[in-house]
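Chemist:
Protein chains in written order, with this note's numbering: chain A, 1 to 401; chain B, 402 to 804.
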């Protein structure tokens, strides 16, 4: 492991839930030593999310196992003077400090950037917030369902059509891309430190990431564009970029951006090559004008095949489409494994979702299990010079757990 | 040279954007935000097909190509025919001096155009080659093309899960909503490669894909599936188990989400505030609200349909109830917080505003966003910087190797 990219890099994950801690997870994937700080008692509130009503039931904390893999767990009461002193001692030797504590809490606990950079000028302080660090809403808390999904316009736009209710966010679907962004910000600062010798502050937020995700439409709006309503499928304006249903009642998404080139291939693949020369459908304009007629024909043709057959036919023809995957299919999807998107855990017990990029020649850690609350408190404190007696005294005072 | 300040983080860093559409080029956009010199390579004449997306059916109509403006701001445009031998030679000369090369060409195209990692790495051992694909670099589907609507949104299970309920048609993605997060991932991968280069002196290859980013975004539930979890069905909103955690529609068609976590404290004030005081007792017990959920939701539906969002917003805010508004894009045009927080920033020339890259490096001033190039706008300037004389350029242009 010592030859890994981030071997020796010390990261303090002083954050909760998903967006900020998962940036530390990515660093851990490439070999960083990540220490997860949790408060005594309940620990990170994220530990209980999986047990709420409506969540998938599996008898294990799947969310924690994914989000806290490879980390070492330390329980510290940051409200106690002894607890904060332990943290300061860790900060002196750390490379990266990650937090999503609300800004007023950081000020109160003396954990703001100014408090920590004074102790270690090489420290990279990664700050994550819901709504950014300036403006009236800077101190507000938020989750990705609100600050990323609802606020950005994504929730309003992503629906089957304008008459249907807004689409509900899937847990973490905005947090995880935000974690990737925070990781990118941290590596940018590490690059700068390599050149200048100095650490510094990096920031990201749910609001910024939500708008970045929706930037195509937001930019249209900013330039005075009007966003057309999402029409019901029956009133679609394009037959070659549309949803279709297969014989076995599966949906897929035909995404033909270069329809001049691909439409004749599709017609041939479906056994109706004459459609490409049919005067109604021979040109892009014709296909748009006669969208209803073409959809009706494609509806009928696609409904003659099961999804599995259709995938083979479309893939062989090089046509761009994507079936609407169900979560169950991730269990057996070969490409997800070949591409390294799903990887086995070190103990072989189960698999997990890898960080979404590769660096050639830099191997990722084979994922290890996530820590229980305070699992490594003693081990980590000993590394920072605390004696057994010190540790016992702090535990008696409930500064650590 | 592009307009960058000499002391910006990436001043002098040369990035070649040899990619199309959104995910890979937008990674280069982030570099440009922090001052890198980004050269956008496009085929002469037709250019990047992304230039045509904004005029397709269903796309918003605006003054200008908003999509191009957003994702190619600050870049310089070079029109180059990579299929021609001379065009290829120009690319090689550019690569010799580059720090970062970004491509999303399908592998068969890279082999044909000699733009694969092996083709370019030997020209410049310090080059960080960033490879972006739809379905990853290995496996039976690695040569397939895909867009974020397919490889990120549909494939990951997000499209299936993000619907109002299990009965409704799958929810359609908005353009680029998977590409932009993937661009941030690719940027992060490149920075990791640049950091390594600062330590070892060596470049290398980094890669990301739509499928990996889609799964990463949905990894909360994918992890549950990998551990063989049982997934509860999604009931329609008229039958969710908790009426106090549900979306409601107002008279003006606007939606809000009620997300009452502390029901014990908020239920009675909520009922009182919305004028249902006489029903407080009937549904006072949480278990009763759950049992009679469709009945109570129907009552709320009828009531919230009587006033527009603005009126309900005031009523709920005054009562201290936790709720969120489902924003429309119009709301963002006047969103003050998005501007205070630097999420929406003005263009340098005063022509409007754009969406910033989603992070800040303290002490680094991002460049005030500049315009996106037209096809080949900077061809001559870039070629001169790489040692081509005016006569050379004229010859290349006559041979249609550049445009």
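Glycine is no exception: its CB is placed at the ideal position from the N, C-alpha and C atoms.
Shortest alpha-carbon distance to residue 287 (chain A) belongs to which of A:309, A:259 and A:269?
Modeler: As a working mapping, residue 287 (chain A) is identified with position 287 in the first chain. If we check each option's Cα against that of residue 287 (chain A), A:259 comes out closest.
Chemist: At the 8 Å Cβ level, is residue 735 (chain B) part of the contact set with chain A, yes or no?
Modeler: By one-based count along the second chain, residue 735 (chain B) stands at place 334. So, not an interface residue.
Chemist: Should residue 631 (chain B) be labelled buried (16 or more other beta-carbon atoms within 10 Å of its own) or exposed?
Modeler: Counting from one through the second chain, the residue named residue 631 (chain B) turns up at place 230. It counts as exposed.
Chemist: Over what stretch of residues does the alpha helix (DSSP H) that includes residue 624 (chain B) continue unbroken?
Modeler: One-based indexing of the second chain puts residue 624 (chain B) at position 223. Residues 620 to 627.
Chemist: Could you tell me which whole alpha helix (DSSP H) segments of length 4 or greater appear in the segment 59 to 110 of chain A?
Modeler: 62 to 67, 81 to 93 and 103 to 109
Chemist: Beta-carbon within less than 7 Å of residue 402 (chain B)'s beta-carbon, same chain only, minus the 5 sequence neighbours each way: which residues are those?
Modeler: Numbered from 1 along the second chain, position 1 holds the residue referred to as residue 402 (chain B). Because residue 402 (chain B) carries a pLDDT of 39, less than 50, the predicted location of this residue cannot be relied on, and the following value inherits that uncertainty. Within its own chain, the residues whose Cβ lies closer than 7 Å to the Cβ of residue 402 (chain B), once the five positions on either side in sequence are excluded, are 438, listed in chain order.
Chemist: Does DSSP put residue 582 (chain B) in a helix, a strand or coil?
Modeler: Walking along the second chain from the start, residue 582 (chain B) turns up at place 181. Residue 582 (chain B): helix per DSSP, three-state reduction.
Chemist: Is residue 33 (chain A) near residue 24 (chain A), with beta carbons less than 8 Å apart?
Modeler: Residue numbering aside, residue 33 (chain A) sits at position 33 when the first chain is read from its first letter. Residue numbering aside, residue 24 (chain A) sits at position 24 when the first chain is read from its first letter. No. Outside cutoff.
Chemist: Quick check on this structure: which residue in B:703, B:736, B:551 and B:625 has the alpha carbon closest to the alpha carbon of residue 639 (chain B)?
Modeler: Locating residue 639 (chain B) in the second chain gives position 238, where the first residue counts as 1. Out of B:703, B:736, B:551 and B:625, B:703 has the C-alpha closest to the C-alpha of residue 639 (chain B).
Chemist: Which one or two residues does DSSP pair with residue 607 (chain B) in a beta bridge?
Modeler: If you number the second chain from 1, residue 607 (chain B) lands on position 206. Looking at the DSSP assignment, residue 607 (chain B) forms a beta bridge with A:359 and B:531.
Chemist: Taking the alpha helix (DSSP H) that residue 705 (chain B) belongs to, which residues open and close that run?
Modeler: The residue labelled residue 705 (chain B) in the question sits at position 304 within the second chain. Unbroken alpha helix (DSSP H) run through residue 705 (chain B): 694 to 705.
Chemist: Give the straight-line distance between the Cα atoms of residue 22 (chain A) and residue 583 (chain B), rounded to the nearest whole angstrom.
Modeler: Taking the first chain and counting its residues from 1, the one referred to as residue 22 (chain A) is at position 22. Taking the second chain and counting its residues from 1, the one referred to as residue 583 (chain B) is at position 182. Straight-line Cα distance between these residues: approximately 16 Å.
Chemist: For the structure I just gave you, are there three or more beta carbon pairs, one from the segment 754 to 764 of chain B and one from the segment 172 to 191 of chain A, closer than 8 Å?
Modeler: yes
Chemist: So who's on the other strand from residue 415 (chain B), going by DSSP bridges?
Modeler: As a working mapping, residue 415 (chain B) is identified with position 14 in the second chain. BP columns for residue 415 (chain B) point to B:438.
Chemist: If you follow the alpha helix (DSSP H) that residue 394 (chain B) is in, where does it begin and where does it stop?
Modeler: Because chain B spans 402 through 804 in this model, residue 394 (chain B) falls outside it and cannot be assessed.
Chemist: Is the distance from the Cβ of residue 252 (chain A) to the Cβ of residue 322 (chain A) below 8 Å?
Modeler: Within the first chain, numbered from 1, the residue matching residue 252 (chain A) stands at position 252. Within the first chain, numbered from 1, the residue matching residue 322 (chain A) stands at position 322. Yes. Within cutoff.
Chemist: Where residue 108 (chain A) and residue 87 (chain A) are concerned, what is the direct C-alpha to C-alpha distance, given to the nearest angstrom?
Modeler: Indexing the first chain from 1 puts residue 108 (chain A) at position 108. Indexing the first chain from 1 puts residue 87 (chain A) at position 87. Computed Cα separation, rounded: 15 Å.
Chemist: Of all Cβ atoms in chain B, is any one closer than 8 Å to the Cβ of residue 17 (chain A)?
Modeler: As a first step, residue 17 (chain A) must be located in the first chain, where it is residue number 17. No, residue 17 (chain A) lies away from the interface with chain B (no Cβ there is under 8 Å from its Cβ).
Chemist: Cβ of residue 508 (chain B) less than 8 Å from any chain A Cβ?
Modeler: Here residue 508 (chain B) corresponds to residue number 107 of the second chain, with the count starting at 1. Answer no: the Cβ-Cβ gap between residue 508 (chain B) and chain A never drops below 8 Å.
Chemist: Is it the case that the Cβ atoms of residue 744 (chain B) and residue 207 (chain A) are separated by a distance below 8 Å?
Modeler: Position 343 of the second chain, counting from 1, holds the residue named residue 744 (chain B). Position 207 of the first chain, counting from 1, holds the residue named residue 207 (chain A). Judged by their CB atoms, residue 744 (chain B) and residue 207 (chain A) are nearer to each other than the 8 Å cut-off.
Chemist: So, does the CB of residue 66 (chain A) fall closer than 8 Å to a CB anywhere in chain B?
Modeler: On the first chain, residue 66 (chain A) is found 66 positions in, with the first residue counted as 1. At least one CB of chain B lies nearer than 8 Å to the CB of residue 66 (chain A).
Chemist: Sorted by chain position, which residues of the same chain lie with C-beta nearer than 6 Å to residue 819 (chain B)'s C-beta, five sequence neighbours on each side aside?
Modeler: Absent from the model: residue 819 (chain B). The displayed extent of chain B is 402 to 804, so no value can be given.
Chemist: Measuring only between beta-carbons, confirm whether residue 122 (chain A) sits less than 8 Å from chain B.
Modeler: The sequence position of residue 122 (chain A) within the first chain is 122, counting from 1. So no, residue 122 (chain A) is outside the interface.
Chemist: So which residues of chain A does residue 694 (chain B) contact, with C-beta pairs closer than 7 Å?
Modeler: Residue mapping note: residue 694 (chain B) aligns to position 293 of the second chain, counting from 1. Residues of chain A passing the Cβ test: none, with the nearest at roughly 12 Å.
Chemist: DSSP has residue 6 (chain A) in a bridge; who is on the other side?
Modeler: What you label residue 6 (chain A) is simply residue 6 of the first chain in a count that begins at 1. Residue 6 (chain A) pairs with nothing; no bridge assigned.
Chemist: Assuming residue 659 (chain B) and residue 724 (chain B) make a contact with CB atoms under 8 Å, what is their CB distance in whole Å?
Modeler: On the second chain, position 258 is the one that residue 659 (chain B) refers to. On the second chain, position 323 is the one that residue 724 (chain B) refers to. About 5 Å separates the beta carbons of residue 659 (chain B) and residue 724 (chain B), which is inside the 8 Å limit, making them a contact pair.
Chemist: Quick check on residue 302 (chain A) - is its C-beta less than 8 Å from some C-beta in chain B?
Modeler: The sequence position of residue 302 (chain A) within the first chain is 302, counting from 1. No, residue 302 (chain A) lies away from the interface with chain B (no Cβ there is under 8 Å from its Cβ).
Chemist: Is any beta-carbon of chain B found at less than 8 Å from that of residue 107 (chain A)?
Modeler: For the purposes of this step, residue 107 (chain A) is identified with residue 107 of the first chain, where counting begins at 1. No - not a single Cβ of chain B is within 8 Å of the one on residue 107 (chain A).
Chemist: Just to confirm the assignment, what range does the alpha helix (DSSP H) spanning residue 668 (chain B) have?
Modeler: Position 267 of the second chain, counting from 1, holds the residue named residue 668 (chain B). Run containing residue 668 (chain B): 664 to 674, per the alpha helix (DSSP H) assignment.
Chemist: Look up residue 536 (chain B) in the DSSP assignment and say whether it is helix, strand or coil.
Modeler: One-based indexing of the second chain puts residue 536 (chain B) at position 135. It is coil, neither helix nor strand.
Chemist: When you compare the segment 221 to 228 of chain A with the segment 440 to 453 of chain B, are there three or more beta-carbon pairs, one atom per stretch, that lie closer than 8 Å?
Modeler: no
Chemist: Could you tell me the distance, in whole angstroms, from the CA atom of residue 567 (chain B) to the CA atom of residue 246 (chain A)?
Modeler: As a working note, residue 567 (chain B) is residue 166 in the second chain. As a working note, residue 246 (chain A) is residue 246 in the first chain. Rounded to the nearest angstrom, the two C-alpha atoms are 17 Å apart.
Chemist: Using CA coordinates, which residue listed in B:783, B:526, B:734 and B:670 is at the minimum distance from residue 718 (chain B)?
Modeler: The residue you call residue 718 (chain B) lines up with position 317 of the second chain. The residue with the shortest Cα to Cα distance from residue 718 (chain B) is B:670.
Chemist: Using 8 Å as the limit for Cβ to Cβ distance, is residue 342 (chain A) near chain B?
Modeler: Here residue 342 (chain A) is taken as the residue at index 342 of the first chain, counted from 1. Cβ-Cβ to chain B under 8 Å: yes for residue 342 (chain A).
Chemist: Going residue by residue through the segment 153 to 184 of chain A, where are the continuous beta strand (DSSP E) segments of at least 3 residues, counting only ones entirely within it?
Modeler: none
Chemist: Between residue 190 (chain A) and residue 528 (chain B), what straight-line distance do the alpha-carbon atoms span, to the nearest angstrom?
Modeler: Here residue 190 (chain A) is taken as the residue at index 190 of the first chain, counted from 1. Here residue 528 (chain B) is taken as the residue at index 127 of the second chain, counted from 1. Distance between the alpha carbons of residue 190 (chain A) and residue 528 (chain B): 19 Å.
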